[in-house]
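First to last, the sequence lines map onto chains A and B. For the first sequence, the positions run 2 to 110 when our numbering is used. For the second sequence, the positions run 112 to 226 when our numbering is used. Worksheet: one structure, shown below.
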Amino acid sequence: QKEVEQDPGPLSVPEGAIVSLNCTYSNSAFQYFMWYRQYSRKGPELLMYTYSSGNKEDGRFTAQVDKSSKYISLFIRDSQPSDSATYLCAIQRGQNFVFGPGTRLSVLP
Amino acid sequence: DAGVIQSPRHEVTEMGQEVTLRCKPISGHDYLFWYRQTMMRGLELLIYFNNNVPIDDSGMPEDRFSAKMPNASFSTLKIQPSEPRDSAVYFCASSLGGQPNEKLFFGSGTQLSVL
């Protein structure tokens, strides 16, 4: 079993839709969870991070962690064409990071 | 700061040739990571350094791969001899470290094609 699993998509939605991206992880010892966004031909960049169960909001983005289910989610409200990218969930293990395979999102105008 | 700088952006080489990828981390960052990204396997950690010392190289696929960090501002990843299955995007990233260490800063990557 991989440490971090993620539906690779691709996922296409119309502009303005609510997007839900999800990951599961295998090790309950993991404490820190991140979402990275990667545009085509670019390196990933940090979008959000959290280290507790519950929700964290930042503008149109909400990160949610359910440690009992080992499930992390990213919600995007009022999605925009500029949100089209690959979204990677990540967990921190020590000073290392383990990434999910990424979900490719397209937001259609 | 200009961010993490990688060179070259693209590398096309023939099987059996030596390939050297270069990285300049963000000044002041204590940690440097080398990742490889492919469609099949996603983003995989190859090796990471702390204060120029290799800490975990368990992700290096085989002896053909080697990485060095001679000083705080420069690292190389070398593949010798290269094989077609090494074709991928190679990313370098750096971070300040600490707990939580949530923010990795990635370079733009080197697209490697081995023919």
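We put the CB at the ideal spot given by N, CA and C, even for glycine.
Smallest Cα separation from residue i: which of the options?
i: F202/B; options: I166/B, P136/B, P181/B and R196/B; result: P136/B
i: P150/B; options: F216/B, V200/B and G170/B; result: Inspection of the sequence shows that residue 150/B is occupied by Met rather than by Pro. With distances taken between Cα atoms, M150/B lies closest to V200/B.
i: S107/A; options: P11/A, Q7/A and E6/A; result: P11/A
i: P172/B; options: V164/B, S184/B and Q191/B; result: Q191/B
i: G55/A; options: S69/A, K3/A and Y37/A; result: S69/A
i: T187/B; options: F160/B, S118/B and L132/B; result: L132/B
i: R105/A; options: K71/A, D67/A and Y40/A; result: Y40/A
Does the beta-carbon of residue i have 16 or more other beta-carbons within 10 angstroms, so that it is buried, or is it exposed?
i: D59/A; result: exposed
i: E122/B; result: buried
i: G121/A; result: There is simply no residue 121/A to check, as chain A begins at 2 and stops at 110 in what is shown.
i: Q128/B; result: exposed
i: I19/A; result: exposed
i: F164/B; result: Strictly speaking, residue 164/B in this sequence is Val, with Phe absent from that position. Counting Cβ neighbours within 10 Å, V164/B comes out exposed, since fewer than 16 surround it.
i: S13/A; result: exposed
i: P15/A; result: exposed
i: A30/A; result: exposed
i: R147/B; result: buried
i: G208/B; result: exposed
i: P1/A; result: Outside the displayed range of chain A (2 to 110) lies residue 1/A, so it cannot be described from this structure.
i: L109/A; result: exposed
i: S206/B; result: buried
i: S169/B; result: exposed
i: Y88/A; result: buried
i: L154/B; result: buried
Which residues share a DSSP beta bridge with residue i?
i: K179/B; result: T187/B
i: A64/A; result: K57/A and L75/A
i: H121/B; result: Q222/B
i: G153/B; result: T149/B
i: E6/A; result: T25/A
i: S107/A; result: S13/A
i: Y37/A; result: L47/A and L89/A
i: A204/B; result: F144/B and F217/B
i: F98/A; result: Q93/A
CA-CA distance, residue i and residue j?
i: S53/A; j: R196/B; result: 39 Å
i: G114/B; j: A86/A; result: 21 Å
i: P82/A; j: L48/A; result: 17 Å
i: M126/B; j: Y50/A; result: 41 Å
i: L157/B; j: N97/A; result: 11 Å
i: E194/B; j: G17/A; result: 45 Å
i: F217/B; j: S118/B; result: 13 Å
i: S74/A; j: Y33/A; result: 13 Å
i: R152/B; j: G139/B; result: 31 Å
i: R38/A; j: N162/B; result: 27 Å
i: K43/A; j: I116/B; result: 12 Å
i: L223/B; j: A204/B; result: 17 Å
i: D167/B; j: F160/B; result: 7 Å
i: F185/B; j: S198/B; result: 23 Å
i: V66/A; j: Y72/A; result: 6 Å
i: K57/A; j: V225/B; result: 43 Å
i: V130/B; j: Q7/A; result: 32 Å
Do the region 140-160 of chain B and the region 177-185 of chain B make contact, defined as three or more Cβ pairs closer than 8 Å? yes
Counting beta carbon pairs with one atom in the region 15-31 of chain A and one in the region 88-100 of chain A, are three or more of them shorter than 8 Å?
yes
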